[in-house]
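A.B. asks: Sharing a structure below in structure tokens format, with a few things to ask.
Residue numbers (the numbering used here), protein chains in the order written: chain L, 4 to 114; chain P, 227 to 344.
Have a look at this one:
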């Protein structure tokens, strides 16, 4: 099991809005460590989508947004497009493990 | 532009060692950390460890302690990951990424497939 918990899959029709959750604990997200989000298209390296909870790197469309509250974080995609079909991962730091930790990943299907 | 270019595919026998490289360009090498992340076939991302580009300090995933080494060559802006006593479950694509846990990893290498097979 991953230290950060994500739903295995989510889906939505083109144009819709989807949200992916990422739940941690008092030693990681609840301890104030930031959450980052990555998009991974099949056969490619991950791409940083959201940094430090809610910051979009240059070039990332504003359809992607992030938030964090307490032990949980979420990634929201609005105006869903076919090209958004990918795996999404959250990442934080765990003070008990003294390690970076990832969520198990969420597969987004665009119907 | 920032680039991380990794070495090629490796096939190793159980118990052997592997050394994967990640050559950085397009930025001040000593100003950033480099982390390694691996992904077993059909699985999620797993953090392997990081190394400071500034002073070579390292931190490794607990489950890999004792089997992993990371080094830098500042003259060539290259980071090396060495994994020893390879097991079948070390089979994965190994990625290097620039950055750390504070800001996330903003640039990634193309990945190196390491296959452990008898």
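Where is the CB? At the ideal position from N, CA and C, for every residue including glycine.
Taking Cβ-Cβ distances below 9 angstroms as the criterion, which residues of the stretch 85–113 of chain L are in contact with chain P?
C.D. replies: Under the 9 angstroms Cβ criterion, the stretch 85–113 of chain L contributes 90, 92, 94, 95, 96, 100, 101, 102, 103, 104, 105, 106, 107 and 108.
A.B. asks: What separation, rounded to the nearest whole angstrom, lies between the Cα atoms of residue 25 of chain L and residue 80 of chain L?
C.D. replies: The alpha-carbon atoms of residue 25 of chain L and residue 80 of chain L are separated by roughly 14 angstroms.
A.B. asks: Within the stretch 247–301 of chain P, note down every full alpha helix (DSSP H) run reaching 4 residues or more, in order along the chain.
C.D. replies: Runs of the alpha helix (DSSP H) inside the stretch 247–301 of chain P: none found.
A.B. asks: Hey, residue 260 of chain P and residue 324 of chain P: beta-carbon distance below 8 angstroms or not?
C.D. replies: Yes, the Cβ-Cβ distance between residue 260 of chain P and residue 324 of chain P is below 8 angstroms.
A.B. asks: Could you give the DSSP three-state label for residue 115 of chain L: helix, strand or coil?
C.D. replies: The question about residue 115 of chain L has no answer, for chain L in this structure spans 4 to 114.
A.B. asks: For residue 266 of chain P, collect the residues of the same chain with a Cβ closer than 6 angstroms to its Cβ; drop the 5 residues on either side in sequence, then sort them by chain order.
C.D. replies: The residues are 318.
A.B. asks: Would you say residue 272 of chain P faces chain L, with C-beta separation under 8 angstroms as the test?
C.D. replies: Closer than 8 angstroms to some Cβ of chain L, the Cβ of residue 272 of chain P qualifies, so yes.
A.B. asks: Between which two residues does the beta strand (DSSP E) carrying residue 127 of chain L extend?
C.D. replies: Past the boundaries of the shown model lies residue 127 of chain L; chain L is included only from 4 to 114, so the question cannot be answered.
A.B. asks: Report the residues of the stretch 49–83 of chain L with a CB closer than 7 angstroms to any CB of chain P, ordered along the chain.
C.D. replies: Flagged, chain order: 49, 51, 54, 55 and 60.
A.B. asks: Pull up the CB-CB distance for residue 33 of chain L and residue 113 of chain L, whole angstroms please, since I reckon it's below 8 angstroms.
C.D. replies: With a Cβ gap of about 32 angstroms, residue 33 of chain L and residue 113 of chain L do not count as contacting.
A.B. asks: Kindly indicate which residue of L:67, L:36 and L:40 has the alpha-carbon position closest to the one of residue 107 of chain L.
C.D. replies: Out of L:67, L:36 and L:40, L:40 has the C-alpha closest to the C-alpha of residue 107 of chain L.
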